[in-house]
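A.B. asks:
Numbering (our numbering), first residue to last: 12 to 122.
1. Considering only their Cβ atoms, is the gap separating residue 112 from residue 82 smaller than 8 Å?
2. By the three-class DSSP mapping on this structure, what secondary structure does residue 118 have?
3. Give the single residue among 79, 51 and 53 whose Cα lies nearest to the Cα of residue 64.
4. How about the segment 101-111 and the segment 68-77: do they share at least three Cβ pairs that are nearer than 8 Å?
5. For the alpha helix (DSSP H) containing residue 82, list its first residue and its last residue.
6. Check for me: the alpha helix (DSSP H) holding residue 54 runs from which residue to which?
7. Taking residue 92 as the reference, give the member of 115, 48 and 26 with the closest Cα.
8. Is the distance from the Cβ of residue 90 to the Cβ of residue 54 below 8 Å?
9. Would DSSP call residue 100 helix, strand or coil?
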């Protein structure tokens, strides 16, 4: 009798897992490994380093160089987010690219 109860619980769990898998969204967002996407792996690290240097320039009030570096960094991250199909990163970095492009255009129009 106990075996039947434990078998029923096990089969019920596997049915629940299969039901959950059917309702999963097919376009998952995963951070790929270096071996799978070497371009995005390198691009995310180079873009991150660029953004760190841009932050250093910002704290030292080195305008407009900080803005140009930030534009390069977020543009790199936008490219990575498109490769990864990560909608949240795409939105954030698209807005950041637009903001920094606006700043660059405004700077060149003043000069």
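We put the CB at the ideal spot given by N, CA and C, even for glycine.
C.D. replies: Taking the definition as stated:
1. yes
2. helix
3. 79
4. no
5. 76-95
6. 49-70
7. 48
8. yes
9. helix
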